[in-house]
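Peer 1: My questions will all concern the structure given below.
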Amino acid sequence: MTSFEQAKEVLKRCFGHDRFRPEQERAIRAIMGKRDVLAVMSTGAGKSLIYQVPAVALGGTSIVVSPLVSLMSDQVGKLLDLGLHPAFLNNTLSLRAQEKVRNRIKSGEFQILYVAPERLSNPAFLSAIENLAIPFVAVDEAHCISEWGHDFRSDYREISAFIERFDQRPTVVALTATATPRVRKDIAKSLGLQNPLEIVSSFDRANLSLSVVHMPHDERGSWCVRTARSRGSECGIFYCVTISETERIHDALKRAGVPAALYHGKLSNDAKKAAQKAFMSGRAPVMVATSAFGMGIDKPDVRYVVCCGMPLSIESYYQQIGRAGRDGEPADTIMLWDEQDLQTALFMAEAGGEGQNDPQRSRQKGARLRHAGFLQGRRHLPTRSHFALLRRETP
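Per this note's numbering, residue 1 is the first one in the sequence shown, and the count goes up by one each step.
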């Protein structure tokens with residue numbers, strides 16, 4: 001049996017699928033042949049299988065680097081249900097639980113191990129894996145390694161040093177949903193990819209409807225209530241730019257009797273876990289959140305996503321609407337905007353977050369926002385032509 005035939009057997013036996021999608025097959029053939037991969041694939045295209053199937057087929061312990069704690073627990077739970085042997089190691093576990101996981105890592109019982117990037121320099125973790133066979137390291141949300149990406153994280157810059165520690169270099173797999181050519185080049189350089197197979201799939205998802213509604217801020221609470229009520233028990237997400245707006249929309253829905261969960265970065269870990277669990281289980285079919293929620297969450301039946309304000313980049317917009325219709329069925333995406341949003345988005349892009357200490361990065365983020373057309377106030381935005389921005393350079 002060839003290595004790819006082994007992967008196909010794992011796909012059928014463990015995941016219940018008869019065949020790979022074309023992009024999945026190309027990537028998995030490369031990984032099974034020990035070739036590096038850089039894959040930019042749309043939300044819902046099945047990126048997770050690209051590392052899950054080889055992890056089982058190749059044996060040893062494969063490592064998945066991810067910044068998304070919610071993704072780790074969600075995917076580990078699903079893999080356990082399939083009878084596989086995954087684990088995650090992050091700060092949501094108690095110190096005692098982390099020690100137990102490290103001891104089990106040393107025994108080599110895990111097929112796939114999810115860790116956050118900052119974990120890769122932790123001495124206790126490095127000690128736990130030092131005698132393991134590690135066939136590959138997968139870097140999820142790989143755009144985070146690039147200063148030209150929309151979500152740069154300095155911890156990602158340490159991944160290459162981690163890979164260089166090995167006497168026998170593991171294969172490296174970089175995965176993301178959005179990356180311009182400049183970002184892809186930076187990913188490959190920063191991770192030290194060697195002759196990688198590069199896959200860039202289409203970003204246009206025909207099952208999503210895209211629309212824009214001009215909506216003053218003081219009318220959005222009542223509009224969101226009417227929208228949620230009109231959708232009945234359907235699952236939906238209301239994304240807000242600021243925490244205060246998130247809480248205001250959530251309060252309006254709760255007062256109207258809509259079962260809605262709340263998620264933003266200032267909530268405790270327990271509160272965020274409870275909100276995610278309520279949404280994923282359907283007890284709260286509506287989620288009101290900042291962009292802190294949703295990355296890596298595989299809920300297939302989200303029927304609508306509302307952006308209550310202007311996302312700070314075309315990539316952020318794509319990530320947010322990407323939560324809708326992952327089952328391939330029709331879903332609606334709506335952006336609410338007014339003139340205040342235009343200025344708020346530009347201010348936050350140029351002066352907020354990490355960019356406030358980096359003038360060059362701040363200017364670059366503002367230029368990207370203008371290039372996306374979001375500052376023009378045209379009511380037909382966004383359109384499918386905006387997906388082309390994810391495939392080419394921006395200023």
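Just so it is clear, CB atoms sit at the ideal spot from N, CA and C, and this is done for glycine as well.
#1: What does DSSP give as the partner residue(s) for Val173 in the beta ladder?
#2: Excluding the 5 residues flanking Val69 on each side, which residues of the same chain have their C-beta closer than 7 angstroms to its C-beta?
#3: Check the C-beta distance from Gln319 over to Thr178 and give it rounded, since I have them as a contact under 8 angstroms.
#4: Does the beta carbon of Ser160 come closer than 8 angstroms to any beta carbon on chain D?
#5: Would you mind reading off the limits of the alpha helix (DSSP H) that contains Asp81?
#6: Roughly how many angstroms lie between the CA atoms of Cys235 and Thr43, to the nearest whole one?
#7: Helix, strand or coil for Glu399 per DSSP?
#8: Does the Cβ of Glu5 have 16 or more other Cβ atoms within 10 Å, making it buried, or fewer, making it exposed?
#9: In the DSSP output, which residue or residues are listed as bridge partners for Pro86?
#10: Quick one: measure Cβ to Cβ for Pro86 and Gln111, integer angstroms, because I've assumed they're closer than 8 angstroms.
#11: Tell me whether Thr176 is buried or exposed, calling it buried when 16 or more other Cβ atoms sit within 10 Å of its Cβ.
#12: For a quick check, are the C-beta atoms of Cys307 and Ile249 less than 8 angstroms apart?
#13: Please name the residue in Gly192, Ala142, Leu113 whose C-alpha comes closest to that of Ala128.
#14: With Cys224 as the anchor, note down where its alpha helix (DSSP H) starts and where it stops.
#15: Which whole-angstrom value describes the C-beta separation of Ser190 and Arg157, a residue pair presumed to lie in contact below a C-beta threshold of 8 angstroms?
#16: Extract the residue ranges of the alpha helix (DSSP H) inside the segment 257-313, only unbroken runs of 4 or more that lie entirely within it.
#17: Quick check on Arg379: does DSSP put it in helix, strand or coil?
#18: Out of Ser291, Ser121, Asp327, state which residue places its alpha-carbon closest to the alpha-carbon of Met310.
#19: Just verifying my parser: in three-state terms, what is the DSSP assignment at Ser62?
Peer 2: In terms of the structure at hand:
#1: Val37, Ala138
#2: Asn90, Thr92
#3: 7 angstroms
#4: Checking the listed chains, one finds no chain D in this structure; it contains a single protein chain.
#5: 69-81
#6: 18 angstroms
#7: Limits of the chain in this structure are 1 at one end and 395 at the other, which puts residue 399 out of reach.
#8: exposed
#9: Ile112
#10: 6 angstroms
#11: buried
#12: no
#13: It is Leu113 whose Cα lies nearest to the Cα of Ala128.
#14: 217-230
#15: 7 angstroms
#16: 269-281
#17: In this prediction, Arg379 scores a pLDDT of 41, lower than 50, which makes its location untrustworthy; no coordinate-derived value is stated.
#18: Ser291
#19: strand
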